[in-house]
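Taking it in order: structure first as structure tokens, then the write-up.
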Amino acid sequence: MIIRWLNQLVTSYFEKGPENRVFLFFDPSGDFSQIIDHLKGDFEILKGDGSLLEIKYKIEVENPEGKYVVYLLFANKPENLSYLREYLYTGKVFSDTLYIFLKKQGVDFPTEKKKISDIKKILPSLALKSIGAGEDYWDNAFDSSGDELALPDFREHLFDFIEKPAETFENLISENKMEIFRKKIKNVYGFESETDEPELYRYQFFAQLCFTEAYMLLGEPEDYPFQSYVCENSKVEKNLRLIKDIRYQTLCKEIYYDLSSQLERNNNLGNYARKYALNPDIETFKVFDLEAIKTLDKLAEKCETKQKFLQLFSENSELIRRKSEGFWGKQSDIREWIVLVTLDELMKLIEKFTSEIQNMDDEEELIWKYCDSYFEIDRLYRKYITDASELDDSLENVYDWIEKFYLEYLDQINSRFSEKVFAKEKWKFSSIPFQGDFLRKLDLKDEDKKVGIIVVDGLRYEIGKEIVDKFSSSFDINISPMYAQIPTDTVVGMAAMLSPEKCEFDCDSTGIKVTSNGISLNNKDERLKYLKSKVKKIDIFNLDEFNNRQASEIKKIKNPVILFLEGPDKLLEAGGFNYLHLVSRNLSSITKAIKKLFRADFSEIHILSDHGFLTFNDPKGNFKIEDKPGFTKDSRRFACGEHINNDYLVKFEISGLEKSGKMLYFPRSIYYFRKDSFLHGGISIHEAIIPHIEIKNKEGLVEKLEIQVEMEKGISNRIFQVKIKPKWAGLETKPRTVEILAYHENKLISNKPAIEIESKEESVNVRILPDKEIEKGEKIRVMILDQETGEILNETELETLIYFEADF
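If you want it as structure tokens, here you go:
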């Protein structure tokens, strides 16, 4: 009836004449918010939760003949209306509360003030329920004996009870509503218990919810040993909806973890979970996910052929996806699912590569194909290595197979590549720029050209793609392949980037030597001296040193700038390379430098590298060349000498080595002499094809993010809320991600929630970890970081208002 009454009110106004076009519907309390979309007629509903100017444009310009109901969630005050103010006088104004509107329609309400107050709380939900109901609905809606009226905020009490059972029971008893609360739970969920102990009552109710959901998700198995917990059929939907709400309710997650773990232990769920381990639907209990991981690994161990392993992944692809999106995967409790999603995608790409590689007979076609799609295989492998390194070896048999497939991919692509290169006996690619031509073509002698160059040591093409993906929303950015000078060694690559004249090579016991017109380019100081002799006006900085300079200092720089980011190559050679350093700390440094350069009016920025690298596990040494030849320099992936006889090596001439009377020798494919955590020096796509990234500023580059922060003055709960709003507009199309962290005595004590900030205020819950013990009155430092730049946007010190006991 309520929709019919509202439709009659609206249409009666519009029918009075064509000039009646705008119906202003004020609803500051949101009484009608659940039913407004159900209005139907020869009119359009416009909601004023965005730009009022857009609504004005719609009414007056887009369709000046149309009829509109403008639904506004604020009070009828002229100062609120801005562009819509004229319609107060030319349109129809409706500002009744739901209670007043229903009274005008003849609905009888009780006369007692207390009952009216309770009824007003539930009117919106009653109005929604009334849609589709009979004409007598409102005649019986306020039965004074009904639970709805006696306990209008039942759902609120229910979640209070889940969170704080003893306190909620005490409050219900004091309000004389305990019996009604229990009756409501019985009527809605079919649960009843004789116990008066609140914790036990919650545990028993939770057991019904969980075992009912598990029973339904497992397909109602006949051998279900927990049938006594399952609710009656008519209550199943309500039980399923509630347990899902509890599971995903922020304040209830810790309780869900605790109670579901108790149920697992007390009912010995492990054996039963093992039987249904590969069911993709079940997310009620963590043990099902754990057993699924174990089962997949055992099945991987039984695979005798590559085809069997591929089939295993293919058959369980949906399981992996669903589990990663399920509760235990999303909450990062079982991070193996994220790793398996990565591996599932990796295997599909390797399969595609294997089907295509045999048809590629041209090395340049292979390079372009790698830069277009095959690089994703290396990106996913890198992600897998990073994520899996933080986990236990619960998937070690799966990982063993992945290493075999990845090694085979590296061998296949680089066997084909090196075979074609060795066959033509020339290190040149007609469709791809050469590293040694970069600086010459850039022409830094143009004094009016403010150009920034960032040189990253040991950057391979696929990581360059990650840089582009990360920065594409903030800058005009392009990436193209470039082939490096061989051997793909740091000394050679760094020298080649200077575009030296008459470059010559030699080698001795210390390694490869590079000169230009007799000038040594073997160390950094020599190369910088040579560069300054060719480009008189150029400023050279270490990246971190540059980032520490004031903006006013950088603004004064009128010359080209070269920034060196050293670290990846050195970290790699030291053996302890952590990829996360590159994609987080180093990318943050690069981002900061790019923004500083653009704010100082630099017109373009280039990122390039000396060489790429290979990285893989070869525990059995299948690709290691044991018979080391007596060459001058024992490197990882190349040899240099006069006459070297070794069946594993291919002699290769390069321009500039003739005078020395020596030759370069390279292993085929991915073979190596010695191996640390990464390899370079040889002829492979991964070592020799490097990225050239060119960046230009977008119009209206967003400046440093400035935010307003609102928090309580103290912390009285392990979960506390932080409200964040940017101080300026402009983020609607380019949202920024901020991360919130809490520290006590300089130690991280919280989870690290992140949220995208646009133009409106956002709220995020920060959770103090349960194993942290903190005394009352201690200081907690809450820090908000820009995830993109690593800048600290806000730092606030709060006091703990209660004692936080460690929960082990």
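Per the UniProt record's numbering: the sequence shown ends with 808, consecutive numbering throughout. Beta carbons: idealized from backbone N, C-alpha and C, even for Gly.
Using only the alpha-carbon positions, how far apart do L793 and D443 sit?
Each residue's alpha carbon lies about 39 angstroms from the other.
Take the Cβ of Q435 as the centre, count every other Cβ of all protein chains shown within 10 Å, and call the residue buried at 16 or more, exposed below.
Q435 counts as buried, since at least 16 other C-beta atoms from the protein chains shown sit within 10 angstroms of its C-beta.
Using the beta-carbon count (16 or more within 10 Å), is Q8 buried or exposed?
Under this definition Q8 is an exposed residue.
Exposed or buried, E462, counting other C-beta atoms within 10 Å across all chains shown (16 or more means buried)?
That one is buried.
Which complete beta strand (DSSP E) runs does the segment 303-386 hold, if anything under 3 residues is left out?
Whole beta strand (DSSP E) segments, 3+ residues: zero.
I255 versus S51 - alpha carbon distance:
Here the C-alpha atom of I255 lies approximately 41 angstroms from the C-alpha atom of S51.
Could you spell out the range, first to last residue, of the beta strand (DSSP E) harbouring S480?
Per DSSP, S480 belongs to the beta strand (DSSP E) from F475 to Y483.
Contacting residues, own chain, Cβ-Cβ under 6 angstroms from N765 (five flanking each side not counted)
Close CB contacts of N765 within its chain, under the 6 angstroms cut and outside five residues either way in sequence, are with T250, I719 and Q721 (chain order).
What do you get for I2, buried or exposed, if any count of 16 or more other CB atoms within 10 angstroms of its CB means buried?
By the neighbour-count rule (16 or more Cβ atoms within 10 Å), I2 is buried.
Helix, strand or coil for F720, going by three-state DSSP, please let me know.
Under the three-state reduction of DSSP output, F720 falls in the strand class.
Just to confirm before moving on: does the CB-CB distance between T488 and H611 stay below 8 angstroms?
It is a contact, given that the beta carbons lie within the stated cut-off.
Same chain, Cβ closer than 6 angstroms to H606, five either side skipped, listed in chain order:
Cβ neighbours of H606 beyond the five flanking positions: I453 and E694.
Determine the DSSP secondary structure at A277, reduced to helix, strand or coil.
Reduced to three states, the DSSP call for A277 is coil.
Could you please give the first and the last residue of the uninterrupted beta strand (DSSP E) stretch that includes K129?
Per DSSP, K129 lies in no beta strand (DSSP E); the unbroken alpha helix (DSSP H) holding it starts and ends at K113 to S130.
Which runs of the beta strand (DSSP E) fall wholly inside the segment 496-575 and span at least 3 residues, in chain order?
DSSP runs (the beta strand (DSSP E)) wholly in the segment 496-575: 503-508, 511-516, 539-542 and 561-565.
How many Å lie between E167 and F205 at the Cα?
Spanning the two alpha carbons is a distance of roughly 17 angstroms.
Throw me the rounded Cβ distance for the N267 and F226 pair, which I believe falls under 8 angstroms.
Contact flag correct, Cβ pair sits at about 7 angstroms.
Nearest residue (CA-CA) to residue 889, options K56, I486 and G777:
Any answer about residue 889 is impossible in this case: the structure gives the chain only from 1 up to 808.
Cα-Cα, which of Q550, I554, A495 and I131 is closest to R527?
The candidate whose alpha carbon is nearest that of R527 is A495.
Measuring CB atoms only, is the segment 361-369 touching the segment 420-434, in the sense that at least three cross pairs come out at less than 8 angstroms?
With a cut-off of 8 angstroms on Cβ pairs, the segment 361-369 is in contact with the segment 420-434, counting three or more such pairs.
Below 8 angstroms CB to CB, which residues in the same chain sit around A742 once its five sequence neighbours on both sides are set aside?
L748, I749, S750, V766, I768, I780, R781, V782 and M783, listed in sequence order.
Using three-state DSSP, classify L218 as helix, strand or coil.
Looking at L218 - three-state DSSP - the assignment turns out to be coil, as it is neither helix nor strand.
Within 10 Å of its beta-carbon, does T195 have 16 or more other beta-carbons around it, so buried, or fewer, so exposed?
The residue in question, T195, is exposed, as its Cβ has fewer than 16 Cβ neighbours within 10 Å.
Counting C-beta neighbours from all protein chains within 10 Å, is the total for L200 16 or more, i.e. buried, or is it exposed?
Under this definition L200 is an exposed residue.
Going by the beta-carbon positions, is the gap between G714 and L798 smaller than 8 angstroms?
Cβ atoms of G714 and L798: closer than 8 angstroms.
Looking only at C-alpha atoms, which of G41, N547 and P560 sits nearest to K532?
Ranking the options by Cα distance to K532, first place goes to P560.
Can you grab the Cα-Cα spacing for the pair K244 / Y276, in whole Å?
The alpha-carbon of K244 is positioned some 20 angstroms away from that of Y276.
Quick check: the Cα distance between D289 and E283, rounded to an integer number of angstroms?
In this structure, the straight-line span from the alpha carbon of D289 to that of E283 is close to 7 angstroms.
Could you tell me if Y483 is buried or exposed, where buried requires 16 or more neighbouring beta carbons within 10 angstroms of its beta carbon?
Under this definition Y483 is a buried residue.
For R247, which three-state DSSP category applies?
Of the three classes helix, strand and coil, the one that applies to R247 here is helix, per DSSP.
What's the C-alpha gap between Y579 and D387?
With a pLDDT of only 47 at Y579, under the threshold of 50, the placement of this residue in the model should not be trusted; the figure read from the coordinates follows. Between the C-alpha atoms of Y579 and D387 there is a straight-line separation of about 10 angstroms.
Should the segment 510-530 be called in touch with the segment 406-421, which here means at least 3 C-beta pairs below 8 angstroms?
With a cut-off of 8 angstroms, the segment 406-421 and the segment 510-530 do not count as touching, because too few Cβ pairs lie within range.
Determine the DSSP secondary structure at S763, reduced to helix, strand or coil.
Correct three-state label for S763: strand.
Once DSSP output is grouped into helix, strand and coil, what is the label at H611?
Here H611 carries a coil assignment [DSSP, helix/strand/coil].
Three Cβ pairs or more, each shorter than 8 angstroms: is that satisfied between the segment 292-301 and the segment 220-240?
For the pair of segments examined, the segment 292-301 was found not to touch the segment 220-240: the number of CB pairs separated by less than 8 angstroms stays below three.
Excluding the 5 residues preceding and the 5 following E345 in the sequence, name in chain order all residues of the same chain whose CB lies nearer than 7 angstroms to its CB.
The residues are L380.
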